[in-house]
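Residue numbers (my numbering): 41 to 540. Below: one structure, written as structure tokens.
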């Protein structure tokens, strides 16, 4: 599995984008199955990765956002590395700072080449002041830095795409020794904010005459506090065209690195016996709905929809699947392709029938919920359920461990305040919890991919059917606030009085 954090589905070949950014992925897809409408359950890295590797929804595995407790890192469900290990597989994972979430969960990988959890106060303190760590990073992107100054080597925002690709090839070589089958995840921050890349990628699509502060990096994102402040900024505060140009260069960077990994599989004579999955944990919004980032809105599709390509040498391609699928379906799909039984706790379904040109028994509903908001977001209804800004929400419950977590007293209101959506076929229903009620919107994705036109009044029966589906999903969630009619409203009123 080869993934890039924050890779939008619309940037891949054939999606109608104005630039051709992924020629190597296009070549891979000629012998693969490409899923054009795959959704993550929450567009944040931690819950998305856990769902992908376990085949369960966030309210089942318990990871609802980035800031988990030490207890939540001990997952209540088995994940692919553990299931495959019981079947005789060896497993490994490689990544840069974007993959640090994978370090703290008990996924069960045999071999891990990862940084420490970056949402840990001890790790952040070791990085030192902003200007010092940025200066040191100029001299530590090498074997010495990785061995002796990992907190600087894995500095957030510093591009390590080529290094992760190199380490991925090294791990393939180790895992492929002997006759034991292997499972490997390579996950990199190539397309993650602040959209930094090495030459020539940062210059591929940007205007040579540009002289603003986002020449090499999306400005305002140099430390966590800048990110929090910038989250509330309107579109006019960013050089958006330049930022998008930088992002597109990062997409091309990832495409080239995937090509090098695939070439290594060919040279190692592994391609004919290796299933390759290209994925992302979530996409990104470039102010399509008045805000930027991921996991902030359930209205648009650009954050929740991700690219998925599965190449199995035993299944002839190309095949383009436009049916709605979920990243919860990836684990059961890979288990069936490996000839292994799918555990009863798995909530996703195998997509192998679609890969073979057959049909599923029924249309799959895709569900999505937003993550923790860092601050007040542009475009949010004024009467939306709210909670304090991020600094007030966080604590360090175990000083010895140092993990940054949500304060327990805010967990219920954060979950109750999540926007949610369900998509079935061409239709998508969104839900926003308000003080004293809820706001629903209905969109026809085929006719309105940008989710700009609410058609609930024109299609009330479709809206009601999707609302029943979403209600059942919420009722399965013990923390949704739906089990007592006044839980969410009372909590919101109590918090809103002191909200800034």
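Quick reminder that beta carbons are idealized off the backbone N, C-alpha and C, glycines included.
Of all C-beta pairs linking the segment 77-84 to the segment 358-376, three or more are shorter than 8 Å, placing the two stretches in contact. Within the same chain, 230, 231, 235, 237 and 241 come within 7 Å of residue 290 by CB-CB distance, once the 5 residues on both sides are set aside. Boundaries around residue 474 are those of the beta strand (DSSP E), 467-474, since no alpha helix (DSSP H) includes it. Within the DSSP secondary-structure output, residue 132 pairs in a beta bridge with 151 and 224.
Looking only at 154, 63 and 267, the smallest Cα-Cα distance to residue 430 is reached by 267. Taking 3 residues as the minimum length, the beta strand (DSSP E) runs contained wholly in the segment 206-253 are 222-228, in order along the chain. By the Cβ rule, the segment 329-341 counts as touching the segment 484-496, because three or more pairs are nearer than 8 Å. Annotation: the segment 41-118 contains the following complete segments of the beta strand (DSSP E) (minimum length 3 residues), in chain order: 42-44 and 73-79.
Annotated as distal: residue 131 and residue 116, with beta-carbon spacing of 7 Å or more.
Of the residues assessed, residue 87 falls on the buried side of the cut-off, its CB having 16 or more other CB atoms within 10 angstroms.
7 Å or more divides the Cβ of residue 406 from the Cβ of residue 387. DSSP places residue 356 in the coil class of the three-state scheme, outside both helix and strand. In the displayed model, residue 159 falls within coil according to three-state DSSP, outside both helix and strand. In terms of Cα proximity to residue 253, the closest of 228, 276 and 282 is 282.
For residue 349, the secondary structure class from DSSP, reduced to helix, strand or coil, is strand. Per DSSP, residue 302 lies in no beta strand (DSSP E); the unbroken alpha helix (DSSP H) holding it starts and ends at 280-307. Within the same chain, 326 come within 7 Å of residue 284 by CB-CB distance, once the 5 residues on both sides are set aside. Between residue 352 and residue 64, the C-beta spacing is not below 7 Å. Three or more Cβ pairs drawn from the segment 206-223 and the segment 124-140 lie within less than 8 Å of each other, which places the two stretches in contact. Leaving aside the five residues that flank residue 177 on each side, the residues in its chain whose CB is nearer than 7 Å to its CB run, in chain order, 192, 195 and 198. DSSP places residue 366 in the strand class (E or B) of the three-state scheme. Remark: C-beta atoms of residue 404 and residue 393 do not approach each other more closely than 7 Å. Following the DSSP letters along the chain, one finds residue 461 inside the beta strand (DSSP E) bounded by residues 460-464. Rounded to the nearest whole angstrom, the C-alpha separation of residue 109 and residue 437 is 8 Å. Following the DSSP letters along the chain, one finds residue 409 in no alpha helix (DSSP H) but inside the beta strand (DSSP E) bounded by residues 406-409. Boundaries of the beta strand (DSSP E) harbouring residue 477: 477-484, taken from the DSSP string. Shortest Cα-Cα distance from residue 104 to any of 456, 503 and 257 involves 456. When DSSP states are grouped into helix, strand and coil, residue 506 belongs to the helix group. Under the DSSP assignment, residue 319 falls outside any alpha helix (DSSP H), being part of the beta strand (DSSP E) whose first and last residues are 316-319.
Cβ-Cβ distances below 6 Å link residue 458 to 409 and 410 in the same chain, with the five nearest sequence neighbours on each side left out; the list follows chain order. Around residue 224, the same chain offers 41, 131, 132, 133, 134, 208, 211, 212 and 215 as residues with beta carbons nearer than 8 Å, after the five sequence neighbours per side are excluded. If you look at residue 395, you'll find it in the alpha helix (DSSP H) that goes 392-395.
The DSSP-derived three-state label of residue 177 is helix. Burial state of residue 276 is exposed, judged by a 10 Å Cβ sphere holding fewer than 16 other Cβ atoms. According to DSSP, residue 446 shares a beta bridge with 434. The three-state reading of DSSP puts residue 202 in helix, counting H, G and I together.
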